[in-house]
Amino acid sequence: MKPAVIILKLVIISLLASCATSGSPPVSYYHLYANTETLTQLNSKATYSLQPVEIPEIIKRQAIVSYGSERNSLNISKFHLWAGDLREMVYESLIILLRHQLPQAQISAITSSSKNDSEFKLSIQLQEFIGQLNGECSLRASWQVVDQSGNTVIDSETVLSINNPDASYAAYVLVLNQLLSEFSQVVAKELSTIQ
């Protein structure tokens, strides 16, 4: 074998080895959770079914998405990932939060195979659920409550924002959790007015 070919192979092997041992940061996984510690219980004895929650396309990915330094740019992290499907985590968290706040109501999850006997259907569309690391984070949602006859009982839009004082992804996820909790309080308060 020619010396130039041997040297080229050694250079390629050493480059590959250095890439494999480079100091890339470890991947961190995050999960939304339903923190019910500070929530007030309200009174409602109605039955509700929560439709699957819609979330914006841009955040339907495993990578955690945040705004860049300007809100017209996005950061899609390679090393900070959701531990599961974000849409499912939002949905499950909202069910837990609403059930905790409305303990006498029946709040059920709707699946494609489930029978719906609820008095009211609740549908939620999150148009925004994102923010900046070390900046403002926002939740903007349209949500509706429809009775069994198809009449709209509530048709509302909610906009919430919280300043994230920290540049870490752990703090960012905590702020998103807090936004979801505050949104559930708005929804629960409105649901408690339905008799």
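Numbering (our numbering), first residue to last: 12 to 206.
Glycine included, every Cβ here is placed at the ideal spot set by N, Cα and C.
If you're wondering where the values come from, they're calculated on a predicted model, not measured in any experiment.
Straight-line gap, residue i to residue j (C-alpha atoms, nearest Å)
i	j	result
residue 150	residue 56	28 Å
residue 110	residue 59	10 Å
residue 156	residue 166	7 Å
residue 143	residue 91	14 Å
residue 181	residue 190	14 Å
residue 71	residue 116	31 Å
residue 137	residue 168	10 Å
residue 104	residue 43	7 Å
residue 89	residue 101	21 Å
residue 20	residue 120	Low per-residue confidence applies at residue 20: pLDDT is 47, beneath 50, and the placement is therefore not dependable enough to give any value.
residue 108	residue 161	25 Å
residue 133	residue 85	31 Å
Nearest neighbour of residue i, chosen from the options [CA to CA]
i	options	result
residue 291	174, 84, 201, 104	The displayed coordinates of the chain run from 12 to 206. Any statement about residue 291 would go beyond what the structure contains.
residue 247	140, 187, 178	The structure shown does not extend to residue 247, since the chain spans only 12 to 206, so no value can be given for it.
residue 176	65, 148, 61	148
residue 39	45, 50, 74	74
residue 187	36, 76, 63, 53	76
residue 135	121, 62, 170	62
residue 170	153, 159, 164	153
residue 95	46, 82, 41	41
Alpha helix (DSSP H) segment containing residue i, residue limits
i	result
residue 188	180-202
residue 103	97-112
Where the beta strand (DSSP E) through residue i begins and ends
i	result
residue 151	147-158
residue 118	117-120
residue 74	74-78
residue 173	163-174
residue 86	85-93
residue 58	58-61
residue 50	Looking at the DSSP string, residue 50 is not in any beta strand (DSSP E), and its letter there is neither H nor E.
Distance between beta carbons of residue j and residue i, contact taken as under 8 Å
i	j	result
residue 204	residue 112	No, residue 204 and residue 112 are not in contact; Cβ-Cβ is about 13 Å, not under 8 Å.
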